[in-house]
Amino acid sequence: QPASGQSLLLLLLLLGTSLLDAFPHNASQKSCGLSKYHFLLPSELKLIQDMKEQFEETMLLSDRKCNTRVFHRKWKTAELSVPDRVLLVEAELDLVMEALGHPTAPGLAERHRHPLSFLAQAREDLRGCVSVSPASPRAPVLPATAPGLTDMFAPQAPKHQPSGKLRHWLHKLEVAKERETDGCLEASAILHLFQVLSDLKCAALREECP
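Just so we're aligned: the sequence shown equals residues -22 to -1, 1 to 188 in mature numbering (1 follows the signal peptide of the UniProt record, and there is no 0).
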C-alpha cells in the first residue's frame, strides 16, 4: 500500500509542523524578567534596613554567639557567569526565607511583612530563570519518519552546569544548614541582607554588573 504509506507520512509531517508552530520550544519556559531589580526603590531599602536594625538590637540583648561564615567568599559575584549569579542569589534567598520562616526574634516576621514579601517575590522571580536539570527522559515514541516531532518531544539537555566555584559555595551552604543552629543561620541571613540585595542587582544587570 505505497499510497497509504505516503499519505500517513504526509499527515505526520503536517502534524509535526502544526505542533511546532503551536508549541514553540520556549513555550514552557517561564519568562525571566529581572529588570525591576536594576535599581531598588529607596522605600524598599528603608524597610529592609529597619528590619535589619531591629534584629541587631535584639541580638545585642541576647548572648547569642555565632561564627557562621557562609556569606564570606573569596570571590566577587561579578566574577561568576550570569546563570551562576542567578543560582547564587536564589540559594541566598532560600536561606533568608527559611531562616525568617521560623524567626527566633519575637514578632520579627509579623512586624516586617512588607520586606519579607519583597524578598519572597524576588526569589519567585528568579525561579525558572536557569535550568540545571534535564527534562524527564520519558518521551512519546514516534515514527522516525516524522522529522520535527522527535526533536520537539526529545529530552532537553541541561542548559547550565554550575561552575566549580559556585558548587563549592553551595556545598558550604548545605553544610552550614546541617551544623549551625537556627538562630545563627537567621543572624547570618539578616545581617547580610544587603549583600544578598547587591547580588540580586548584579544578577539582574547581567553582563553590565561591574
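Just so you know, even glycine gets a beta-carbon here, dropped at the ideal spot from N, CA and C.
DSSP places Ser95 in the helix class (H, G or I) of the three-state scheme. By the neighbour-count criterion, in which 16 or more other beta carbons inside 10 Å mark a residue as buried, Trp147 falls on the buried side. Taking all protein chains in view, the Cβ of Ala56 is surrounded by fewer than 16 other Cβ atoms within 10 Å, so the residue is classified as exposed.
Taking 7 Å as the cut-off, the Cβ atoms of Thr36 and Ser166 do not count as close. The three-state reading of DSSP puts Phe33 in helix, counting H, G and I together. Within the same chain, and ignoring the five residues on either side of Ser141 in sequence, the residues whose Cβ sits closer than 8 Å to its Cβ are Leu58, Ser59 and Asp62.
Taking Gly106 as reference, the option from His90, Lys137 and Ala77 with the minimal CA-CA separation is Lys137. CA-to-CA, the gap between Ala100 and Ser40 works out to about 31 Å. For Glu31, the number of other beta carbons within 10 angstroms of its own is below 16, and it is reported as exposed. The beta carbon of Cys162 sits closer than 6 Å to the beta carbons of Cys44 and Thr46 from its chain, once the five residues preceding and following it are set aside; these are given in chain order.
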